[in-house]
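Peer 1: Structure below; questions to follow.
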Amino acid sequence: MSKKFGKTELTLLEDKVRNIKGGNPKDCHLSIVDFESLFGIDNEGATLLHKTFDSDKNGTIEWNELLGGLAILSTGSTEEKAEMMFNTWDADGNGSLDEKEVYQMMHSSITIAAAAIVNSMMGPMGDLMSTLSEKQASELRTEISESIQTNINQEDVEEAVKLLFKEADIDNDGKITLEEFKLHCQSNDNAISPFVEALTNVVKPITNKEEENCEQM
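Here it is in C-alpha coordinates:
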(Lines of atoms letter the chains of each structure in order from A and count residues from 1; the text may use other names and numbers.)
(Lines give C-alpha, C1' and ligand atoms only; values in the text may rest on other atoms or scores of the structure.)
Protein backbone atom coordinates (compact mmCIF):
# COMPACT_ATOMS: atom_id res chain seq x y z
CA MET A 1 0.00 0.00 0.00
CA SER A 2 1.42 3.40 -0.97
CA LYS A 3 1.76 6.11 1.65
CA LYS A 4 1.57 9.83 0.89
CA PHE A 5 3.37 12.56 2.76
CA GLY A 6 4.28 16.11 1.89
CA LYS A 7 7.87 16.73 0.85
CA THR A 8 8.33 19.10 3.76
CA GLU A 9 6.93 16.46 6.13
CA LEU A 10 9.39 13.85 4.94
CA THR A 11 12.35 16.20 5.10
CA LEU A 12 11.43 17.29 8.62
CA LEU A 13 10.95 13.71 9.75
CA GLU A 14 14.26 12.61 8.23
CA ASP A 15 16.06 15.52 9.90
CA LYS A 16 14.55 14.72 13.30
CA VAL A 17 15.48 11.05 13.07
CA ARG A 18 18.97 11.91 11.82
CA ASN A 19 19.50 14.28 14.75
CA ILE A 20 18.56 11.51 17.16
CA LYS A 21 20.26 8.51 15.56
CA GLY A 22 22.78 9.89 13.06
CA GLY A 23 23.36 8.27 9.67
CA ASN A 24 20.67 7.45 7.15
CA PRO A 25 17.20 7.66 8.78
CA LYS A 26 15.97 4.86 6.53
CA ASP A 27 18.50 2.48 8.11
CA CYS A 28 17.70 3.41 11.71
CA HIS A 29 15.95 1.37 14.37
CA LEU A 30 14.07 3.58 16.83
CA SER A 31 13.67 2.66 20.50
CA ILE A 32 11.14 3.93 23.03
CA VAL A 33 13.73 6.42 24.28
CA ASP A 34 14.17 7.64 20.70
CA PHE A 35 10.39 8.17 20.51
CA GLU A 36 10.55 10.33 23.63
CA SER A 37 12.98 12.63 21.82
CA LEU A 38 11.28 12.44 18.43
CA PHE A 39 7.80 13.37 19.68
CA GLY A 40 8.71 15.23 22.88
CA ILE A 41 6.61 13.00 25.15
CA ASP A 42 7.19 11.17 28.42
CA ASN A 43 8.18 7.51 28.70
CA GLU A 44 4.66 6.15 29.16
CA GLY A 45 3.31 8.01 26.15
CA ALA A 46 6.35 7.02 24.06
CA THR A 47 5.91 3.38 25.07
CA LEU A 48 2.29 3.36 23.91
CA LEU A 49 3.01 5.10 20.62
CA HIS A 50 6.01 2.83 19.99
CA LYS A 51 3.85 -0.23 20.61
CA THR A 52 1.23 1.06 18.18
CA PHE A 53 3.76 1.52 15.37
CA ASP A 54 5.70 -1.73 15.99
CA SER A 55 3.79 -3.81 13.46
CA ASP A 56 6.26 -6.72 13.43
CA LYS A 57 6.53 -6.74 17.25
CA ASN A 58 10.35 -6.89 17.25
CA GLY A 59 10.78 -4.08 19.78
CA THR A 60 12.16 -1.45 17.42
CA ILE A 61 10.63 0.84 14.80
CA GLU A 62 12.09 0.79 11.31
CA TRP A 63 11.63 3.65 8.83
CA ASN A 64 8.79 1.96 6.93
CA GLU A 65 6.96 1.23 10.19
CA LEU A 66 7.29 4.87 11.22
CA LEU A 67 5.93 6.07 7.87
CA GLY A 68 3.21 3.43 7.90
CA GLY A 69 2.00 4.32 11.37
CA LEU A 70 1.98 8.04 10.63
CA ALA A 71 0.17 7.45 7.33
CA ILE A 72 -2.61 5.40 8.93
CA LEU A 73 -3.13 8.04 11.61
CA SER A 74 -3.18 10.82 9.02
CA THR A 75 -5.08 9.35 6.08
CA GLY A 76 -5.93 5.73 6.90
CA SER A 77 -9.41 4.29 6.55
CA THR A 78 -11.54 3.43 9.56
CA GLU A 79 -10.78 -0.25 8.95
CA GLU A 80 -7.01 0.38 8.88
CA LYS A 81 -7.13 2.43 12.07
CA ALA A 82 -9.32 -0.16 13.79
CA GLU A 83 -6.94 -2.98 12.88
CA MET A 84 -3.92 -1.00 14.08
CA MET A 85 -5.60 -0.25 17.40
CA PHE A 86 -6.78 -3.85 17.80
CA ASN A 87 -3.32 -5.29 17.16
CA THR A 88 -1.82 -2.81 19.60
CA TRP A 89 -4.02 -3.89 22.48
CA ASP A 90 -4.32 -7.59 21.79
CA ALA A 91 -1.67 -8.07 24.48
CA ASP A 92 -1.53 -11.86 24.38
CA GLY A 93 -1.83 -12.03 20.58
CA ASN A 94 -4.72 -14.50 20.68
CA GLY A 95 -6.83 -12.61 18.15
CA SER A 96 -9.41 -11.26 20.59
CA LEU A 97 -9.77 -8.56 23.24
CA ASP A 98 -10.92 -9.29 26.77
CA GLU A 99 -12.18 -6.72 29.27
CA LYS A 100 -8.75 -6.25 30.84
CA GLU A 101 -7.19 -5.46 27.46
CA VAL A 102 -9.98 -3.05 26.54
CA TYR A 103 -9.69 -1.30 29.89
CA GLN A 104 -5.96 -0.90 29.28
CA MET A 105 -6.69 0.40 25.78
CA MET A 106 -9.03 3.07 27.09
CA HIS A 107 -6.76 3.99 29.98
CA SER A 108 -3.87 4.30 27.53
CA SER A 109 -5.87 6.66 25.34
CA ILE A 110 -6.09 8.94 28.38
CA THR A 111 -2.32 8.72 28.79
CA ILE A 112 -1.77 9.63 25.15
CA ALA A 113 -4.30 12.46 25.37
CA ALA A 114 -2.47 13.82 28.41
CA ALA A 115 0.79 13.72 26.45
CA ALA A 116 -0.85 15.69 23.63
CA ILE A 117 -2.13 18.30 26.09
CA VAL A 118 1.33 18.65 27.61
CA ASN A 119 2.85 19.09 24.15
CA SER A 120 0.34 21.84 23.34
CA MET A 121 1.30 23.64 26.55
CA MET A 122 5.02 23.56 25.89
CA GLY A 123 4.85 26.20 23.13
CA PRO A 124 3.34 28.98 25.29
CA MET A 125 5.77 27.95 28.04
CA GLY A 126 8.75 28.31 25.73
CA ASP A 127 10.52 30.97 27.80
CA LEU A 128 10.28 28.83 30.93
CA MET A 129 11.31 25.64 29.15
CA SER A 130 14.41 27.31 27.70
CA THR A 131 15.69 27.92 31.23
CA LEU A 132 15.39 24.25 32.23
CA SER A 133 17.79 21.41 31.70
CA GLU A 134 16.63 18.47 29.58
CA LYS A 135 16.05 16.46 32.77
CA GLN A 136 14.06 19.26 34.40
CA ALA A 137 11.93 19.75 31.28
CA SER A 138 11.21 16.01 31.14
CA GLU A 139 10.25 15.97 34.82
CA LEU A 140 7.91 18.93 34.29
CA ARG A 141 6.19 17.19 31.37
CA THR A 142 5.74 14.05 33.46
CA GLU A 143 4.37 16.00 36.43
CA ILE A 144 1.79 17.81 34.29
CA SER A 145 0.78 14.59 32.52
CA GLU A 146 0.32 12.72 35.81
CA SER A 147 -1.74 15.58 37.21
CA ILE A 148 -4.10 15.37 34.23
CA GLN A 149 -4.47 11.60 34.55
CA THR A 150 -5.23 11.64 38.28
CA ASN A 151 -8.35 13.69 37.58
CA ILE A 152 -9.85 10.92 35.44
CA ASN A 153 -12.74 9.02 37.04
CA GLN A 154 -11.83 5.32 36.75
CA GLU A 155 -15.48 4.33 37.17
CA ASP A 156 -16.23 6.18 33.93
CA VAL A 157 -13.54 4.14 32.17
CA GLU A 158 -15.02 0.92 33.53
CA GLU A 159 -18.49 1.93 32.34
CA ALA A 160 -17.08 2.68 28.89
CA VAL A 161 -15.56 -0.82 28.77
CA LYS A 162 -18.91 -2.40 29.66
CA LEU A 163 -20.67 -0.33 26.99
CA LEU A 164 -18.14 -1.36 24.33
CA PHE A 165 -18.66 -5.05 25.10
CA LYS A 166 -22.42 -4.60 25.08
CA GLU A 167 -22.27 -3.05 21.60
CA ALA A 168 -19.36 -4.91 19.97
CA ASP A 169 -19.40 -8.43 21.43
CA ILE A 170 -21.91 -9.79 18.94
CA ASP A 171 -21.90 -13.41 20.14
CA ASN A 172 -21.71 -12.44 23.84
CA ASP A 173 -18.75 -14.72 24.55
CA GLY A 174 -16.93 -12.12 26.65
CA LYS A 175 -14.37 -11.40 23.93
CA ILE A 176 -14.18 -9.03 20.97
CA THR A 177 -12.64 -10.42 17.79
CA LEU A 178 -10.97 -8.33 15.11
CA GLU A 179 -13.99 -8.66 12.83
CA GLU A 180 -16.36 -7.64 15.63
CA PHE A 181 -14.12 -4.68 16.43
CA LYS A 182 -13.98 -3.57 12.79
CA LEU A 183 -17.75 -3.82 12.41
CA HIS A 184 -18.27 -1.81 15.58
CA CYS A 185 -15.83 0.90 14.48
CA GLN A 186 -17.43 1.16 11.04
CA SER A 187 -20.86 1.75 12.58
CA ASN A 188 -19.65 3.89 15.49
CA ASP A 189 -17.29 6.75 14.66
CA ASN A 190 -16.58 7.35 18.34
CA ALA A 191 -15.30 3.82 19.01
CA ILE A 192 -11.64 4.60 18.38
CA SER A 193 -11.68 8.31 17.58
CA PRO A 194 -10.53 9.45 21.05
CA PHE A 195 -7.46 7.22 20.88
CA VAL A 196 -6.68 8.01 17.24
CA GLU A 197 -7.16 11.74 17.79
CA ALA A 198 -4.88 11.64 20.83
CA LEU A 199 -2.16 9.87 18.85
CA THR A 200 -2.63 12.26 15.94
CA ASN A 201 -2.21 15.26 18.23
CA VAL A 202 1.03 13.81 19.59
CA VAL A 203 2.54 13.34 16.12
CA LYS A 204 1.05 16.54 14.67
CA PRO A 205 4.30 18.56 14.95
CA ILE A 206 5.87 16.34 12.29
CA THR A 207 2.81 15.72 10.11
CA ASN A 208 1.72 18.84 8.25
CA LYS A 209 -0.89 17.59 5.82
CA GLU A 210 -1.18 20.91 4.05
CA GLU A 211 2.09 20.39 2.13
CA GLU A 212 2.29 19.06 -1.43
CA ASN A 213 1.98 15.28 -1.37
CA CYS A 214 4.59 12.88 -2.63
CA GLU A 215 4.17 9.13 -2.81
CA GLN A 216 6.26 6.76 -0.71
CA MET A 217 6.10 2.99 -0.95
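In my numbering, the protein residues as written are 43 to 259.
The C-beta atom is built at its ideal place from N, Cα and C for all residues, glycine as well.
Cα-Cα, which of L90, M126, E201, D213 is closest to V75?
Peer 2: Checked all of L90, M126, E201, D213; the closest Cα to V75 is L90.
Peer 1: Can you find the residues in the same chain that come closer than 6 Å, C-beta to C-beta, to T242, ignoring five residues on each side of it along the sequence?
Peer 2: These residues qualify, in order along the chain: L115.
Peer 1: What distance in whole Å lies between the Cβ atoms of F237 and M127, which are believed to be in contact at a cut-off of 8 Å?
Peer 2: 6 Å between Cβ atoms; contact.
Peer 1: Measuring CB to CB, does M147 end up less than 8 Å from V199?
Peer 2: No, they are not a contact pair.
Peer 1: Just how far apart, CA to CA, sit C70 and K224?
Peer 2: Each residue's Cα considered, the two are about 32 Å apart.
Peer 1: Please report the straight-line C-alpha distance between D98 and D215, rounded to a whole angstrom.
Peer 2: So the alpha carbons of these two residues sit roughly 29 Å apart.
Peer 1: For the putative contact between I83 and V203, defined by C-beta atoms under 8 Å, what is the C-beta separation to the nearest angstrom?
Peer 2: With 8 Å as the limit, I83 and V203 do not qualify as a contact, their Cβ atoms being about 25 Å apart.
Peer 1: Grab the span of the alpha helix (DSSP H) containing K63 for me, first residue to last.
Peer 2: Element bounds for K63: 49-63.
Peer 1: Using the rule of at least 16 other Cβ atoms within 10 Å of the residue's Cβ for burial, across every protein chain shown, is K123 buried or exposed?
Peer 2: By the neighbour-count rule (16 or more Cβ atoms within 10 Å), K123 is buried.
Peer 1: Taking Cβ positions, are G118 and L220 nearer each other than 8 Å?
Peer 2: No, the pair does not count as a contact, with Cβ atoms beyond the cut-off.
Peer 1: Indicate whether E121 and A133 have their beta-carbon atoms separated by less than 8 Å.
Peer 2: Not in contact: E121 and A133 (Cβ atoms no closer than 8 Å).
Peer 1: Let me check understanding here. Comparing Cα to Cα, which of Q178, N232, T53, E201 lies closest to S141?
Peer 2: It should be pointed out that residue 141 corresponds to Glu in this sequence rather than to Ser. Among Q178, N232, T53, E201, the Cα nearest to that of E141 belongs to E201.
Peer 1: Would I234 and E222 qualify as a contact pair, given that the criterion is a beta-carbon distance under 8 Å?
Peer 2: No, the pair does not count as a contact, with Cβ atoms beyond the cut-off.
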